[in-house]
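These notes are about the structure you will find just below.
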Amino acid sequence: PIALCCGIVEGMGLGDNTIAALMTRGLAEITRLGVAMGGKRETFNGLSGVGDLIVTCTSAHSRNHRAGLLIGQGMSAKEAVNRVGTVEGYQCAKIAYEIACSLNVQVPIIEQLCEVCYNGQSPLDAVSKLMGRPSKAEEEIF
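Numbering (my numbering), first residue to last: 1 to 142.
Structure below.
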């Protein structure tokens with residue numbers, strides 16, 4: 001889901017710093033959810049966490065990233081997924097959000113992605129809602 005989000009903000013023209021912030025906060029969400037599900041925090045700091053996140057969020061070969069670019073440029077999520085093909089983040093976002101809700105884990109990025117993909121919210125509104133959240137110290141995020 002985070003790679004899909006990064007593609008969206010890139011497609012919106014929001015720039016590298018926004019993508020870096022999204023990746024950092026996205027990693028925090030993934031880690032919180034994974035730990036709540038019984039995973040080990042250190043798993044998310046290695047190749048299977050950070051490594052995979054970097055590649056899928058930045059690579060032109062990433063289907064999630066490519067679909068996100070199209071959504072950020074104005075295409076609907078369904079159209080983007082149909083054009084790109086298999087986009088794991090599209091289906092995963094909904095499932096991850098449902099699991100997070102059942103475990104009472106906050107995942108605001110994934111929540112807003114679901115709003116865009118499944119409820120027709122504009123990417124700009126999603127970004128505005130995320131930016132309107134209260135600031136937290138970095139140690140509070142993880």
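The beta carbon of each residue, even a glycine, is placed where N, CA and C say it ideally should be.
Span of the alpha helix (DSSP H) holding Lys94?
-> In the sequence shown, the residue the question calls residue 94 occupies position 94. Here the alpha helix (DSSP H) through Lys94 covers Glu88 to Leu103.
Contact belief for Cys5 with Ile109 at Cβ below 8 Å, rounded distance in angstroms | Residue 5 sits at position 5 when you count from the first residue of the sequence shown. Residue 109 sits at position 109 when you count from the first residue of the sequence shown. Indeed, because the Cβ distance is near 6 Å, the residues count as touching under 8 Å.
When the Cα of Gln91 is compared with those of Glu115, Gly74 and Asn104, which residue comes out closest?
-> By one-based count along the sequence shown, residue 91 stands at place 91. By alpha-carbon distance to Gln91, the top candidate from Glu115, Gly74 and Asn104 is Glu115.
Distance, Gly11 Cα to Asp52 Cα = As a working note, residue 52 is residue 52 in the sequence shown. As a working note, residue 11 is residue 11 in the sequence shown. For Asp52 and Gly11, the distance between alpha carbons rounds to 21 Å.
Give me the Cβ distance between Leu33 and Ile95, rounded to the nearest whole Å; I'm assuming they're in contact under 8 Å.
-> Here residue 33 refers to the residue found at position 33 of the sequence shown. Here residue 95 refers to the residue found at position 95 of the sequence shown. Not confirmed; about 11 Å, so no contact.
Do Ala67 and Val35 have their CB atoms nearer than 9 Å?
-> Taking the first residue of the sequence shown as position 1, residue 67 is located at position 67. Taking the first residue of the sequence shown as position 1, residue 35 is located at position 35. No, the pair does not count as a contact, with Cβ atoms beyond the cut-off.
For Met131, three-class secondary structure by DSSP | Counting from one through the sequence shown, the residue named residue 131 turns up at place 131. In the three-state scheme derived from DSSP, where H, G and I count as helix and E and B as strand, Met131 is classed as helix.
Under a Cβ-count criterion, where at least 16 other Cβ atoms within 10 Å of its own Cβ denotes burial, should Arg25 be classed as buried or exposed?
-> Position 25 of the sequence shown, counting from 1, holds the residue named residue 25. It counts as buried.
State the Cα-Cα distance for the pair Lys129 and Ile19, rounded to the nearest angstrom.
-> Residue 129 sits at position 129 when you count from the first residue of the sequence shown. Residue 19 sits at position 19 when you count from the first residue of the sequence shown. Rounded to the nearest angstrom, the gap between the Cα atoms of Lys129 and Ile19 is 16 Å.
Report all residues from its chain with a CB closer than 7 Å to the CB of Pro1; omit the five preceding and five following residues, and keep chain order.
-> Here residue 1 refers to the residue found at position 1 of the sequence shown. Annotation for Pro1: Gly89, Cys92, Ala93, Ala96, Ile110 and Leu113 place their beta carbon closer than 7 Å to its own, counting only its chain and skipping 5 residues before and after.
Mark Ser62 as exposed unless 16 or more other C-beta atoms lie within 10 angstroms of its C-beta, in which case mark it buried.
-> On the sequence shown, residue 62 is found 62 positions in, with the first residue counted as 1. With 16 or more Cβ atoms within 10 Å of its Cβ, Ser62 is classed as buried.
So does Glu42 have its beta carbon nearer than 8 Å to some heavy atom of the ligand SAH?
-> The ligand SAH is absent from the structure shown, which contains no ligands of any kind.
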